[in-house]
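K.L.:
Top line first, the protein sequences correspond to chains A, B, C and D.
Residue 1 is where the first sequence starts when you use our numbering, and the numbers rise one by one after that.
Residue 244 is where the second sequence starts when you use our numbering, and the numbers rise one by one after that.
Residue 487 is where the third sequence starts when you use our numbering, and the numbers rise one by one after that.
Residue 710 is where the fourth sequence starts when you use our numbering, and the numbers rise one by one after that.
Quick reminder that beta carbons are idealized off the backbone N, C-alpha and C, glycines included.
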Amino acid sequence: MDKAVADLATAVAGIEDGMTVMIGGFGGSGGPIELIHALIDRYLATGHPKNLTVINNNAGNGHVGLAALIEQGMVKKLICSFPRSADPVVFTERYRAGEIELELVPQGTLAERIRAGGAGIPAFYTPTSYGTDLAAGKPVEEFEGRPYVRERWLKADYALVKAHVGDRLGNLTYRMAARNFGPLMCMAAKTTVVQVSHLVEPGGIDPEAVVTPGIFVQKVVEVASPAQEEELNRAKAVYPEAK
Amino acid sequence: MDKAVADLATAVAGIEDGMTVMIGGFGGSGGPIELIHALIDRYLATGHPKNLTVINNNAGNGHVGLAALIEQGMVKKLICSFPRSADPVVFTERYRAGEIELELVPQGTLAERIRAGGAGIPAFYTPTSYGTDLAAGKPVEEFEGRPYVRERWLKADYALVKAHVGDRLGNLTYRMAARNFGPLMCMAAKTTVVQVSHLVEPGGIDPEAVVTPGIFVQKVVEVASPAQEEELNRAKAVYPEAK
Amino acid sequence: MTAKLSPTQMAWRAAQDIEDGAYVNLGIGFPEMVAKFQPPGRQAIFHTENGILGFGEAPKPGEEDWDLINAGKKAVTLKPGTAFFHHADSFAMVRGGHLDVAILGAYEVAETGDLANWSTGPKGVPAVGGAMDLVHGARRVAVMTDHVTKDGRPKLLKHCTLPLTGVGCVTRIYSSLAVIDIEGGRFVLREKLPSLSLDELQALTGAELVVPGPVVDLIVPDL
Amino acid sequence: MTAKLSPTQMAWRAAQDIEDGAYVNLGIGFPEMVAKFQPPGRQAIFHTENGILGFGEAPKPGEEDWDLINAGKKAVTLKPGTAFFHHADSFAMVRGGHLDVAILGAYEVAETGDLANWSTGPKGVPAVGGAMDLVHGARRVAVMTDHVTKDGRPKLLKHCTLPLTGVGCVTRIYSSLAVIDIEGGRFVLREKLPSLSLDELQALTGAELVVPGPVVDLIVPDL
């Protein structure tokens, strides 16, 4: 078995119109910029995929990565906790124009819903959001006299995740706080596609240090020196470069 | 801050009559034998603690560790998934005599209930046990046409856990499959007491390799060459040695 | 020559259906033998409930590391690509539908796919382990079982009489006499020992065997 | 001389209540400054929602590693004993009651402990982040806030008028004029600027200030 694929285009080939796609990252850290840009390349060449539902903590920053995906008009709906950033102009404009739907989810609930999707837990109760507008319409139940809101799992057709070291079986480690949603999204998607900075043979990762076991990963592609969203934005980068 | 305590007696000092105690381990791997034996020593010297509710995957093996705790009559109730072992005589006799209560929980549900206790999730739904005797009396609900059983969190007053390397802030790594329930139980107890084979200073564990972050741990005690339950049982060990 | 398949032979047959790269959980006891009979060129990745993915075969006696065991508490070994994880992650793999195949033992299987394999009734100490979790989530849930009990009564039934492990969960049965799929609440016969007539097999089975297509001879090497 | 405390001074005051070894989450913005004012000999361990425990202060400009950031997307540093974990584990720490203290900003706080700090109403793009999680779970949920709005209206109220972040969750308020506990659904005054009379403070507060014991002078260094 070898989950490594040769290039980014192959890695994102299966994503189709209308699919739900989880995209890792918190702000810029952990954002799979190269996978996202490969998806944009495909859209520019073929007109697909479009009408995507994207699950990410944020809504993109500047004009690269998730923001660029939104800027192309590929995203129909965004499920996120914090659609603000240093430069949220792309999302903000689309949102104000009514061109993109937003489901706002508290950050911890977002993480837990994704984990639940991966763990076969269709619903769980959380104290978070009780008594707030974000609990509107959700079932409430008391346990030991305290009220809790019932939340549903989140699953996706695809997850696009950035990891640090990956082996050909899909075992992964992450780099510092770029870990964030990655391990959860790997669990919750039918097909998880991971860009790794270092592709190694099985055995190249200490079995104790594996963060995402390979069972949660379907495709691995090596991107040796990945771009960092924060640095791209400081350089005022735009993707694609020439419109 | 220094969570390291000098000896095993200090480590288990706060456990009182009637408390709920989670004990790590799956079969013999990960069993905190020395912590359990320190608790037995205290009981033999003072008559306390007794009437404990113990949460463990199994019910002990032979006459050491959890089996010895049960043999002393310190355990009122056991919550576990599989109360059988190569030599389950201690539990089996107490159970048949009606001297110990048993709550049988499917293994994955047991793990998830403990995690839920640690994660502030009072209840969740699982497909496991639907339609079986172990779902009797539990609420059932359908999601997307499939039935699920609602399960409650499990929490404890104390957790006794064995880890491999621990630093003075309570950060932990485990050794191979001895990890099992350890990281979950650390999360779910008011006071988590961990025996580590190697106590190190903060910084002695790679931040990427930490399995249990120190926030989940209250006391750490070094037991440099811990006994392995399987080996004790092969040697027909009994604790305490001389009755 | 074989009036019925041995457990080893059932394990061999079950192994033939496991694809290269499949994620597989083998139940404690006879199903564990399935790992030994993977066809050449195929390499499944074995999962054990206690937190290992991709472990290797048993070590030599005396070389056991008792922190490196499977769910049956038997020593296993490391392989390149092994990963360790805790119990909640392990059962996320199970419940979350990430396993391709789970192979379990059975006391009784009903034509509805109901399985009873954890309790023989109110006597004795009940123990369930991971069985109730494993029957949910794996894409294929197969059982490996003698076709009849030791005293000759059918184990494949219209309804289970023993306490259930799961409802409507079994998709294929590797019995000592036949290979049977469960489809639409019926036992669908796929393969049977050539020495046995369909009528003879039906007489040993507690619910109707449906035969929608050709029945393949179940031929297994002497093992 | 200070008519009111600056955000830096409020942060200093809040820092005085944090014990050695406490696990603390500091909200984005002004609360982040609390970390700078820990009294000598005390060392709290800071948690950030995006998966770091025990991080250190900001790096020098130019030395940032953008994989090592806090929830405010600002660069932080490693310290001996830092640990990384994923988002579900991070919020298990929050929701599971493992934090000792969370300090947040506020638009409005009610005497019931209700907090509004995420939305100023239907205009603009709504964004909640981790605020609704942080108000549950931490043993002490404190807010740091100007006592009144920019146009002089009270922010401490009988009932919040803006969309709630959480119900009955705030236990202490570090305002620009006073330190107030929330107990039994009342604002209990603990400390106030000595330059301000109780009546003056009450006039700037939207619900009754209860004064069950001595009110300590709120004295903060010039910062």
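Does the CB of residue 759 of chain D have a neighbour CB from chain A at under 8 Å?
P.N.:
As a position in the fourth sequence, residue 759 of chain D is number 50, starting the count at 1. Answer yes: the Cβ-Cβ gap between residue 759 of chain D and chain A drops below 8 Å somewhere.
K.L.:
Can you tell me whether residue 112 of chain A is buried or exposed, with buried defined as 16 or more other CB within 10 angstroms of its CB?
P.N.:
Looking up residue 112 of chain A in the first sequence gives position 112. So residue 112 of chain A counts as buried.
K.L.:
DSSP on residue 76 of chain A, reduced to helix/strand/coil?
P.N.:
One-based indexing of the first sequence puts residue 76 of chain A at position 76. Looking at residue 76 of chain A - three-state DSSP - the assignment turns out to be strand.
K.L.:
Would you say residue 367 of chain B reaches chain D, if we count a Cβ-Cβ gap shorter than 8 Å as a contact?
P.N.:
Stepping through the second sequence from its first residue, residue 367 of chain B is reached at position 124. It does not: the Cβ of residue 367 of chain B has no partner Cβ on chain D nearer than 8 Å.
K.L.:
Evaluate the contact criterion for the segment 606-615 of chain C versus the segment 679-699 of chain C: three or more CB pairs, one atom per stretch, below 8 Å.
P.N.:
At 8 Å Cβ cutoff, the stretches do not touch.
K.L.:
Between the C-alpha atoms of residue 481 of chain B and residue 290 of chain B, what's the straight-line distance to the nearest angstrom?
P.N.:
Here residue 481 of chain B refers to the residue found at position 238 of the second sequence. Here residue 290 of chain B refers to the residue found at position 47 of the second sequence. Rounded to whole angstroms, residue 481 of chain B to residue 290 of chain B spans 20 Å at the Cα level.
K.L.:
Report the rounded CA-to-CA distance for residue 711 of chain D versus residue 726 of chain D, giving the unit in angstroms.
P.N.:
Stepping through the fourth sequence from its first residue, residue 711 of chain D is reached at position 2. Stepping through the fourth sequence from its first residue, residue 726 of chain D is reached at position 17. Summary for residue 711 of chain D: the model assigns pLDDT 49, below 50, so the residue's position carries little reliability; its value from the coordinates is reported in the next sentence. Cα to Cα, the separation comes out at about 22 Å.
K.L.:
Just verifying my parser: in three-state terms, what is the DSSP assignment at residue 166 of chain A?
P.N.:
On the first sequence, residue 166 of chain A is found 166 positions in, with the first residue counted as 1. Residue 166 of chain A: strand per DSSP, three-state reduction.
K.L.:
Is the Cβ of residue 791 of chain D closer than 8 Å to any Cβ of chain B?
P.N.:
One-based indexing of the fourth sequence puts residue 791 of chain D at position 82. Yes, because at least one Cβ of chain B sits closer than 8 Å to the Cβ of residue 791 of chain D.
K.L.:
To which residues of the same chain is residue 850 of chain D closer than 6 Å at the C-beta, ignoring the five residues directly before and after it?
P.N.:
Against the fourth sequence, residue 850 of chain D aligns to sequence position 141. For residue 850 of chain D, where only same-chain residues beyond five positions count, the Cβ hits under 6 Å are 811, 844, 878, 879 and 880.
K.L.:
Which of helix, strand or coil does DSSP assign to residue 829 of chain D?
P.N.:
Working through the fourth sequence from its first residue, we reach residue 829 of chain D at position 120. Three-state result, residue 829 of chain D: coil.
K.L.:
According to the Cβ coordinates, are residue 21 of chain A and residue 160 of chain A closer than 8 Å?
P.N.:
As a first step, residue 21 of chain A must be located in the first sequence, where it is residue number 21. As a first step, residue 160 of chain A must be located in the first sequence, where it is residue number 160. Yes, the pair counts as a contact, with Cβ atoms nearer than the cut-off.
K.L.:
Using 8 Å as the limit for Cβ to Cβ distance, is residue 114 of chain A near chain C?
P.N.:
As a position in the first sequence, residue 114 of chain A is number 114, starting the count at 1. No - not a single Cβ of chain C is within 8 Å of the one on residue 114 of chain A.
K.L.:
At 7 Å on the CB atoms, spell out the chain A contacts of residue 268 of chain B, in chain order.
P.N.:
Start at 1 with the first residue of the second sequence, and residue 268 of chain B comes out as number 25. By Cβ distance, chain A contributes nothing, its closest Cβ being about 18 Å from residue 268 of chain B, past 7 Å.
K.L.:
When every heavy atom of the ligand GTP is checked, does at least one fall within less than 7 Å of the C-beta of residue 329 of chain B?
P.N.:
Absent from the structure shown: the ligand GTP. Ligands present: none.
K.L.:
What number of angstroms, rounded off, separates the C-alpha of residue 61 of chain A from the C-alpha of residue 28 of chain A?
P.N.:
In the first sequence, residue 61 of chain A corresponds to position 61, counting from 1. In the first sequence, residue 28 of chain A corresponds to position 28, counting from 1. Computed Cα separation, rounded: 8 Å.
K.L.:
With a threshold of 8 Å between beta carbons, is residue 424 of chain B in contact with chain A?
P.N.:
Locating residue 424 of chain B in the second sequence gives position 181, counting from the first residue. No - not a single Cβ of chain A is within 8 Å of the one on residue 424 of chain B.
K.L.:
Name the chain D residues whose beta carbon is nearer than 9 Å to that of residue 131 of chain A?
P.N.:
Taking the first sequence and counting its residues from 1, the one referred to as residue 131 of chain A is at position 131. Near residue 131 of chain A (Cβ distances below 9 Å), the residues of chain D are 823, 873, 875, 876 and 877.
K.L.:
Less than 8 Å between CB atoms is the rule here; does residue 448 of chain B satisfy it with respect to chain F?
P.N.:
Structure shown: chain F not included; protein chains present are A, B, C and D.
K.L.:
Measure the CB-CB distance between residue 276 of chain B and residue 474 of chain B and report whether it falls below 8 Å.
P.N.:
The sequence position of residue 276 of chain B within the second sequence is 33, counting from 1. The sequence position of residue 474 of chain B within the second sequence is 231, counting from 1. Cβ atoms of residue 276 of chain B and residue 474 of chain B: not closer than 8 Å.
K.L.:
Residue 274 of chain B to residue 421 of chain B, Cα distance in whole Å?
P.N.:
Your numbering for residue 274 of chain B matches position 31 in the second sequence. Your numbering for residue 421 of chain B matches position 178 in the second sequence. If I take the Cα positions, the gap works out to 8 Å.
K.L.:
What does the alpha-carbon distance come out to for the pair residue 927 of chain D and residue 854 of chain D?
P.N.:
Taking the first residue of the fourth sequence as 1, we reach residue 927 of chain D at position 218. Taking the first residue of the fourth sequence as 1, we reach residue 854 of chain D at position 145. The straight-line gap from Cα to Cα measures roughly 15 Å.
K.L.:
Quick one: which unbroken alpha helix (DSSP H) runs of 4-plus residues sit fully inside the segment 32-91 of chain A? Chain order, please.
P.N.:
Here the runs fully enclosed are 33-46 and 65-71.
K.L.:
Can you tell me whether residue 7 of chain A is buried or exposed, with buried defined as 16 or more other CB within 10 angstroms of its CB?
P.N.:
As a working mapping, residue 7 of chain A is identified with position 7 in the first sequence. Classification of residue 7 of chain A: exposed, given that the 10 Å Cβ count is below 16.
K.L.:
In angstroms, rounded to a whole number, what distance separates the CA positions of residue 226 of chain A and residue 100 of chain A?
P.N.:
Within the first sequence, numbered from 1, the residue matching residue 226 of chain A stands at position 226. Within the first sequence, numbered from 1, the residue matching residue 100 of chain A stands at position 100. One C-alpha to the other measures close to 28 Å.
K.L.:
Taking C-alpha atoms, which residue in C:594, C:692 and C:619 lies nearest to residue 646 of chain C?
P.N.:
As a working mapping, residue 646 of chain C is identified with position 160 in the third sequence. Comparing Cα positions, the closest option is C:594.
K.L.:
Would you mind sorting residue 329 of chain B into buried or exposed? The rule is 16 or more other CB atoms within 10 Å of its CB.
P.N.:
Here residue 329 of chain B refers to the residue found at position 86 of the second sequence. Residue 329 of chain B comes out exposed.
K.L.:
Looking at the unbroken beta strand (DSSP E) that takes in residue 377 of chain B, where does it start and where does it end?
P.N.:
Taking the first residue of the second sequence as position 1, residue 377 of chain B is located at position 134. Looking at the DSSP string, residue 377 of chain B is not in any beta strand (DSSP E), and its letter there is neither H nor E.
K.L.:
Identify the contact partners of residue 451 of chain B in chain D, using a Cβ-Cβ distance below 7 Å as the criterion.
P.N.:
For this step, residue 451 of chain B is matched to residue 208 along the second sequence. Neighbours of residue 451 of chain B on chain D, chain order: 793.
K.L.:
Ordered along the chain, which non-local residues of its own chain (more than five positions away) have a Cβ less than 7 Å from that of residue 842 of chain D?
P.N.:
Here residue 842 of chain D is taken as the residue at index 133 of the fourth sequence, counted from 1. Excluding positions up to five away in sequence, the list reads 800, 803 and 804.
K.L.:
Just checking my contact of residue 825 of chain D with residue 872 of chain D at CB under 8 Å: how many whole Å lie between their CB atoms?
P.N.:
To locate residue 825 of chain D, count along the fourth sequence from 1; it is residue 116. To locate residue 872 of chain D, count along the fourth sequence from 1; it is residue 163. Between residue 872 of chain D and residue 825 of chain D the Cβ distance is about 6 Å, and since that is below 8 Å, they are a contact.
K.L.:
Kindly indicate which residue of A:106, A:81, A:64 and A:148 has the alpha-carbon position closest to the one of residue 89 of chain A.
P.N.:
Sequence index remark: in the first sequence, residue 89 of chain A carries index 89 (1-based). With distances taken between Cα atoms, residue 89 of chain A lies closest to A:64.
K.L.:
Give a yes or no on whether the minimum CB-CB distance between residue 474 of chain B and chain C is below 8 Å.
P.N.:
Position 231 of the second sequence, counted from the first residue, corresponds to residue 474 of chain B. Residue 474 of chain B counts as touching chain C.
K.L.:
If I measure Cβ to Cβ from residue 155 of chain A and keep anything under 6 Å in the same chain, skipping five residues before and after, which residues do I get?
P.N.:
The residue given as residue 155 of chain A occupies position 155 in the first sequence. Closer than 6 Å at the Cβ level, and outside the excluded window around residue 155 of chain A, lie 117 and 188.
K.L.:
Given a cut-off of 8 Å on the beta-carbon distance, is the pair residue 797 of chain D and residue 763 of chain D in contact?
P.N.:
Here residue 797 of chain D refers to the residue found at position 88 of the fourth sequence. Here residue 763 of chain D refers to the residue found at position 54 of the fourth sequence. No, the Cβ-Cβ distance between residue 797 of chain D and residue 763 of chain D is not below 8 Å.
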